[in-house]
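Chains as they are written, first to last, in the working numbering: chain A, 1 to 338; chain B, 1 to 338. Heads up, the beta-carbon is just placed ideally off N, CA and C, and yes, glycines get one too. Each remark here refers to the structure printed beneath this line.
Protein chains: 2
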Amino acid sequence: MTNLKRWVLQHRPVGDIKAGDLKLVEEPIRDLADGEVLVRTLYLSLDPTNRIWMSDQDQYMPPVQIGDTMRGGSLGIVERSRSDRFKQGDVVNTGLGGWTSHVIVGGAMLMPAPQLPGVPLTAYMSVLGATGLTAWFGLCDIGKPQPGETVVVSAAAGAVGSIVGQIAKLKGARVIGIAGGKAKCDWLVNDLGFDGAIDYKNEDVGAALDRLCPNGIDVNFENVGGEIMNAVFNRMNNFGRMPLCGMISTYNDDGRPTGPTDFSRILMHRLTVRGFIITDFLPRAAEAMAELIPWVMEGKLKWKVHVDQGLEGAMDSLQRLFTGNHDGKLLIQVSPEP
Amino acid sequence: MTNLKRWVLQHRPVGDIKAGDLKLVEEPIRDLADGEVLVRTLYLSLDPTNRIWMSDQDQYMPPVQIGDTMRGGSLGIVERSRSDRFKQGDVVNTGLGGWTSHVIVGGAMLMPAPQLPGVPLTAYMSVLGATGLTAWFGLCDIGKPQPGETVVVSAAAGAVGSIVGQIAKLKGARVIGIAGGKAKCDWLVNDLGFDGAIDYKNEDVGAALDRLCPNGIDVNFENVGGEIMNAVFNRMNNFGRMPLCGMISTYNDDGRPTGPTDFSRILMHRLTVRGFIITDFLPRAAEAMAELIPWVMEGKLKWKVHVDQGLEGAMDSLQRLFTGNHDGKLLIQVSPEP
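Below, the structure written as structure tokens:
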């Protein structure tokens, strides 16, 4: 019988995550109780919010407790089952299954993963998973881009941002992406059909926005916070909408992030700033899937996954989120697909 | 033939408004052209936004130009008419007629003032004017208080705030007002039915909010900005709404006002912050009036007007908005009612 391996939170990180904040432990897999299922993790999702969960700041879910398995979204395959709902070999959505090679779950709690013809399993961890839902609800439910309006998205080559920009194009908007590096910017414009891209590592973002958004900005899909957010915010039009999806540039900071330098712009330009977390929208997931699935099946939405191999390297992989050293949705393949 | 008197903007104020920023000029009244009406101003509305219009900061309307009559809402009576729509003695809504004793307007542009039985003319400059509409749309259309929710309103004894709190009560919410001084706080609780009031001049606002809002805050109707806004913001519940109506505490400052110290609360608690200006809602005024008029006629809404006499003292009167040395809606009676 194999052991399981899992990452346990040892210390809450101060600033950047350091070796020792998480610890990999190995332990025997216990026997299943009646109704339980043993799931072997196939893919683990790495997301900016992982950093939030490690801290004890005020946040939208309880933080991971010291000594607990690190939280994370996952997809797995049933290895053993004492539930009549699942049998060995079933691919299942383990929700927030965590940073673990195996997880034991009550069969009643588990959902089978959808399997559409020709769609790889990793799609359910990206464009047809929480990533795609985040993009759709933030943009369509909060941002509400109208044909001809200008949408700006930050972290545009990231998992969520790249989907946001493509959906905005499908809705008839002009789309400008902000990303780090020429390769990412080229991908946005040449492969995803963005109307323009700004390389924040090599360009003055404000000047580039002035050039690329001559009619101002109607929707800012905000993923990063900080100075880039401020540059976009200061160019938002009357009645502009700002879905606030994330502020990754601030997550490793100790203090709480302040907002735009001119808060009164919200008043003068009648802006709407609204924060959201995808879990709030899960009861309405079908609304988004009704558009996302056909777009994927018809080839109208492209997505990238960056798959690192092995749970052991999870901490190094997580750093990619903060350095931008990856493309699209960041996953760890924890064990081989069947 | 009498002359007219009007206040002209001489210099854009730096910090607090000073003598010399506006100048009172007197000049002959010109003859009417065909279709024009000469209106004698009865009441002039003084509002926090007057200070915004004097500056050339980024704002929601063009600022008043140097040399132009100071902008302001007014109500008047027809003295002479060459329009077949109006005759001498008609009471008319002159819109943004300005800080002037008389104004000449095209009859086609003018609206008769409503006149409900038993309702004084000053009501159309307060509870049944832009003030009441601001309170209704900001609260009902953006704040959307639900029965049992907690609403906090700042500048609560002011023209807009006092109406906001009463409407929130009529909608079934708990209401806490923030105002300056014991007399104002007593008025809110004893006369207007607020559930509690905080005297920001003599109490720690944060501690008082903790005591009076044990279940957190669902709606913050924001009128003042600055530290008071921050104290309320930091106690807002998940899915809270913040209609941003004004930031009067910052209007005399030189720099642009920053927002809450923890902008990420918008994300973590999925708040909606939305700025608004009442002119955006004027096409929908009937929705608000359908509730406001019956409430006024049935005695369910109370309001106060503070009427200073004479256009000559307008600059001194305006200072009351910043010192709080008035109750409710601040008006100047420019000439006697008929």
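Pairwise C-alpha distance: N3 of chain B and T122 of chain B
In the second sequence, the residue the question calls residue 122 of chain B occupies position 122. In the second sequence, the residue the question calls residue 3 of chain B occupies position 3. Each residue's Cα considered, the two are about 25 Å apart.
Quick check: what's the CA-CA separation for E222 of chain A versus F233 of chain A?
Looking up residue 222 of chain A in the first sequence gives position 222. Looking up residue 233 of chain A in the first sequence gives position 233. Looking at the backbone, the Cα of E222 of chain A and that of F233 of chain A are separated by about 9 Å.
Just by C-beta distance, which residues in the region 256 to 268 of chain B are closer than 8 Å to chain A?
Answer in chain order: R256, P257, T258, G259, P260, T261, D262, F263, S264, R265, I266, L267, M268.
Beta carbon of G161 of chain A, beta carbon of V153 of chain A: below 7 Å?
Taking the first sequence and counting its residues from 1, the one referred to as residue 161 of chain A is at position 161. Taking the first sequence and counting its residues from 1, the one referred to as residue 153 of chain A is at position 153. Contact: yes.
For P112 of chain B, I'd like the list of residues in its chain whose CB is within less than 8 Å of its CB, leaving aside the five on either flank, ordered along the chain.
Position 112 of the second sequence, counted from the start, is the residue given in the question as residue 112 of chain B. In its chain, beyond the 5 residues on either side, F86, D90, V91, V92, N93 have a beta carbon closer than 8 Å to the beta carbon of P112 of chain B.
Since P338 of chain A sits in a beta bridge, which residues does DSSP pair it with?
The residue labelled residue 338 of chain A in the question sits at position 338 within the first sequence. P338 of chain A is not bridged to any residue.
Residue-chain proximity (L96 of chain B, chain A), Cβ-Cβ < 7 Å:
Taking the second sequence and counting its residues from 1, one reaches residue 96 of chain B at position 96. Output row for L96 of chain B: interface = no.
Range of the contiguous beta strand (DSSP E) that encloses W7 of chain B:
As a working mapping, residue 7 of chain B is identified with position 7 in the second sequence. Run containing W7 of chain B: 3 to 9, per the beta strand (DSSP E) assignment.
At what residues does the alpha helix (DSSP H) containing V296 of chain A begin and finish?
In the first sequence, counting from the first residue as 1, residue 296 of chain A sits at position 296. 285 to 297 is the extent of the alpha helix (DSSP H) around V296 of chain A.
Distance between beta carbons of M229 of chain A and M236 of chain A, contact taken as under 8 Å:
As a first step, residue 236 of chain A is located in the first sequence; it is residue number 236 there, counting from the start. As a first step, residue 229 of chain A is located in the first sequence; it is residue number 229 there, counting from the start. About 11 Å separates the Cβ atoms of M236 of chain A and M229 of chain A, ruling out a contact at the 8 Å cut-off.
Between M109 of chain B and G172 of chain A, what straight-line distance do the alpha-carbon atoms span, to the nearest angstrom?
In the second sequence, the residue the question calls residue 109 of chain B occupies position 109. In the first sequence, the residue the question calls residue 172 of chain A occupies position 172. Taking the straight line joining both Cα atoms gives about 39 Å.
Ends of the alpha helix (DSSP H) at S317 of chain A?
On the first sequence, residue 317 of chain A is found 317 positions in, with the first residue counted as 1. Run containing S317 of chain A: 314 to 323, per the alpha helix (DSSP H) assignment.
Proximal residues of chain B, C-beta to C-beta of G158 of chain A below 7 Å
Walking along the first sequence from the start, residue 158 of chain A turns up at place 158. By Cβ distance, chain B contributes nothing, its closest Cβ being about 16 Å from G158 of chain A, past 7 Å.
Going along chain A, which residues have a C-beta under 7 Å from R85 of chain B?
Here residue 85 of chain B refers to the residue found at position 85 of the second sequence. Neighbours of R85 of chain B on chain A: none; closest Cβ ~33 Å, over 7 Å.
Determine the direct distance from the alpha carbon of T250 of chain A to that of G259 of chain B, and round the result to whole angstroms.
Taking the second sequence and counting its residues from 1, one reaches residue 259 of chain B at position 259. Taking the first sequence and counting its residues from 1, one reaches residue 250 of chain A at position 250. Roughly 16 Å separates the two Cα atoms.
Looking only at its own chain, which residues have a Cβ that is under 7 Å from the Cβ of R71 of chain B, when we skip the five neighbours before and after it?
Position 71 of the second sequence, counted from the first residue, corresponds to residue 71 of chain B. Only residues of its own chain outside the window of five on either side were considered, and among them W53, V64, L96, G98 have a CB closer than 7 Å to the CB of R71 of chain B, listed in chain order.
Under 8 Å Cβ-Cβ, which residues of chain A neighbour M247 of chain B?
Locating residue 247 of chain B in the second sequence gives position 247, where the first residue counts as 1. What M247 of chain B touches in chain A: F263, S264, L267.
How about the region 128 to 137 of chain A and the region 195 to 208 of chain A: do they share at least three Cβ pairs that are nearer than 8 Å?
The region 128 to 137 of chain A and the region 195 to 208 of chain A do not touch, with fewer than 3 CB-CB distances between them shorter than 8 Å.
Distance check for V164 of chain A and D186 of chain B, CA to CA, integer angstroms please.
For the purposes of this step, residue 186 of chain B is taken as the residue at position 186 of the second sequence. For the purposes of this step, residue 164 of chain A is taken as the residue at position 164 of the first sequence. Between D186 of chain B and V164 of chain A, the C-alpha separation is close to 51 Å.
Hey, would you say G324 of chain B sits closer than 7 Å to V305 of chain B, going by beta carbons?
On the second sequence, position 324 is the one that residue 324 of chain B refers to. On the second sequence, position 305 is the one that residue 305 of chain B refers to. No, these two residues do not count as a Cβ contact at 7 Å.
Which partner residues does Q309 of chain B have in the DSSP bridge list?
What you label residue 309 of chain B is simply residue 309 of the second sequence in a count that begins at 1. Under DSSP, the beta-bridge partners assigned to Q309 of chain B are B:Q333.
Tell me the DSSP bridge mates of F86 of chain B?
Counting from one through the second sequence, the residue named residue 86 of chain B turns up at place 86. DSSP output for F86 of chain B lists no bridge partner at all.
Hey, does G138 of chain A have any beta-carbon neighbour from chain B nearer than 7 Å?
Translated into positions along the first sequence, residue 138 of chain A becomes position 138. Under the Cβ distance rule, G138 of chain A does not count among the residues neighbouring chain B, no pair being separated by less than 7 Å.
Contact between the region 188 to 204 of chain A and the region 306 to 320 of chain A: three or more CB pairs below 8 Å?
Put simply, the region 188 to 204 of chain A does not touch the region 306 to 320 of chain A. Fewer than three CB pairs are less than 8 Å apart.
Cβ separation of S81 of chain A and V37 of chain A, assumed to be a contact under 8 Å, to the nearest whole Å
Sequence index remark: in the first sequence, residue 81 of chain A carries index 81 (1-based). Sequence index remark: in the first sequence, residue 37 of chain A carries index 37 (1-based). Contact holds; Cβ gap of about 5 Å.
Straight-line gap, I178 of chain A to L282 of chain B (C-alpha atoms, nearest Å):
Numbered from 1 along the first sequence, position 178 holds the residue referred to as residue 178 of chain A. Numbered from 1 along the second sequence, position 282 holds the residue referred to as residue 282 of chain B. Approximately 37 Å, taken between the alpha carbons.
Since I believe V119 of chain A is in contact with V296 of chain A (beta carbons under 8 Å), could you give me their beta-carbon distance rounded to a whole number of angstroms?
As a working mapping, residue 296 of chain A is identified with position 296 in the first sequence. As a working mapping, residue 119 of chain A is identified with position 119 in the first sequence. Indeed, because the Cβ distance is near 7 Å, the residues count as touching under 8 Å.
Just mark T279 of chain B as buried or exposed, buried being the case when its beta carbon has 16 or more other beta carbons within 10 Å.
Position 279 of the second sequence, counted from the start, is the residue given in the question as residue 279 of chain B. Classified as exposed, T279 of chain B has fewer than 16 neighbouring CB atoms from the shown chains inside 10 Å of its CB.
What does the Cβ neighbour count give for G67 of chain B, buried or exposed, with the cut at 16 atoms within 10 Å?
The residue you call residue 67 of chain B lines up with position 67 of the second sequence. Answer is exposed; the Cβ neighbour count stays below 16.
Under 7 Å, CB to CB, which of the residues in the region 42 to 68 of chain B have a partner in chain A?
Residues of the region 42 to 68 of chain B with a C-beta less than 7 Å from any C-beta of chain A: D58, Q59, Y60, listed in chain order.
Pick from B:E27, B:V224, B:D84, B:R284: whose alpha carbon is nearest that of G35 of chain B?
Numbered from 1 along the second sequence, position 35 holds the residue referred to as residue 35 of chain B. Out of B:E27, B:V224, B:D84, B:R284, the CA that lies nearest to the CA of G35 of chain B is found in B:D84.
For R320 of chain B and M247 of chain B, I'd like the C-alpha separation in whole angstroms.
Position 320 of the second sequence, counted from the first residue, corresponds to residue 320 of chain B. Position 247 of the second sequence, counted from the first residue, corresponds to residue 247 of chain B. Each residue's alpha carbon lies about 16 Å from the other.
Using 7 Å as the threshold, is the C-beta distance between L292 of chain A and G132 of chain A below it?
Here residue 292 of chain A is taken as the residue at index 292 of the first sequence, counted from 1. Here residue 132 of chain A is taken as the residue at index 132 of the first sequence, counted from 1. Going by C-beta atoms, L292 of chain A is nearer than 7 Å to G132 of chain A.
What did DSSP end up calling A135 of chain B once you bin it into helix, strand or coil?
The residue you call residue 135 of chain B lines up with position 135 of the second sequence. Here A135 of chain B sits in helix by DSSP.
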